[in-house]
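I have placed the structure first, in the form of structure tokens, so that the comments after it can refer back to it.
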Amino acid sequence: MDLEGTYTFDALRDKVWEALMDPNVLVNIMPGCEKLEEVGENEYETMLKIKVGPVQGKFKGNIELLDINAPDSYRMKVDGKGPSGFMKGDGQVRLESQGDATLMHYTGTAQVGGRIASVGQRLLDSSAKAITKQSLDGLNQQIMARQQPPAAPAPQNGHSNGAATSVAAPVMVEKVSAPSEMEFALGVAKNMLDDAIPAEQRPMLFRIAVLFLVAFIAYTLGRRSR
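Taken in order, the sequence shown gives residues -8 to 217; the numbers are from the working numbering.
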């Protein structure tokens, strides 16, 4: 399975690099990521809950960053396994400054085996695209939230000479959460439609797919509640 694309961040390259190197940011924006913990120099242990079609399960894995050239590029190796199968991957990320924005170039290859591979290449490709797009959207939102200017200083009286002083209010960073399972499923459905349907027919067919998905989820929840 191959993955390649670009993404534009609304921030300077240094800010994007800083966020990419922060596991506390990444764990909150990756769909299904329950854990991302640094266990060594440029090495992380992760726990992912993945659902691809009818197959779902948790994958425990390791992520290693290699050939780091801050703030320009790095290579990433991923090795994970779980009851539903295994996955091994290798990817490359490069950041290019474009004025006040940053263009990310990414490429990757992955090998998937076990039950999760039984869903078929098309669904695997669409799921990988959805995970990548939703993760990068979340990362961009997190970076933008970090760049919000601090609140205006609040006046405070407390000195013996009676002079008023100003104390800056704490900066409130908007919490950005990873997509829900339904949001992820909608992303997968959209990618599959984009790959298979002519552009002029996509909006109507996507709305129909959403209606069917909502009806199916409502039916499933209704059965569980009985």
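Backbone N, C-alpha and C define an ideal beta-carbon position, used for all residues, glycine too.
Per DSSP, what kind of secondary structure is residue i in: helix, strand or coil?
i           : result
residue 129 : helix
residue 89  : strand
residue 155 : Per-residue confidence for residue 155 stands at a pLDDT of 47, beneath the threshold of 50, marking its modelled position as unreliable; the derived number appears in the next sentence. Note: residue 155 maps to strand in three-state DSSP.
residue 112 : helix
residue 95  : strand
residue 78  : strand
Hey, residue i and residue j: beta-carbon distance below 8 Å or not?
i           : j           : result
residue 85  : residue 109 : no
residue 29  : residue 14  : yes
residue 100 : residue 80  : yes
residue 92  : residue 5   : no
residue 54  : residue 38  : no
residue 46  : residue 106 : yes
residue 94  : residue 44  : no
residue 11  : residue 33  : no
residue 226 : residue 97  : This structure cannot speak to residue 226, because the chain is shown only from -8 to 217.
residue 71  : residue 51  : yes
In terms of residue numbering, what span does the beta strand (DSSP E) encompassing residue i cover?
i          : result
residue 53 : 46 to 60
residue 4  : Per DSSP, residue 4 belongs to no beta strand (DSSP E); it is in the alpha helix (DSSP H), 4 to 11.
residue 69 : 64 to 73
residue 43 : 34 to 43
residue -4 : -7 to 0
Taking the alpha carbon of residue i as the reference point, which residue from the options has its own alpha carbon closest?
i           : options          : result
residue 121 : 94, 21, 45       : 21
residue 119 : 42, 83, 9        : 42
residue -8  : 132, 138, 116    : 116
residue 134 : 123, 78, 98, 9   : 9
residue 76  : 125, 48, 131, 27 : 48
residue 60  : 18, 23, 131, 87  : 87
residue -4  : 40, 123, 78      : 123
residue 23  : 139, 126, 104    : 126
residue -2  : 128, 137, 138    : 128
residue 104 : 90, 78, 89       : 78
residue 18  : 69, 89, 3, 36    : 36
residue -6  : 27, 102, 138, 62 : 102
residue 27  : 62, 3, 69        : 69
residue 62  : 131, 136, 139, 7 : 7
Can you tell me whether residue i sits near the ligand FAD, meaning its C-beta is under 7 Å from at least one heavy atom of the ligand?
i          : result
residue 75 : You won't find the ligand FAD in this model; it holds no ligand whatsoever.
What residue range does the alpha helix (DSSP H) around residue i cover?
i          : result
residue 30 : First-last for residue 30: 24 to 31, but that is the beta strand (DSSP E), not the alpha helix (DSSP H).
residue 15 : 14 to 17
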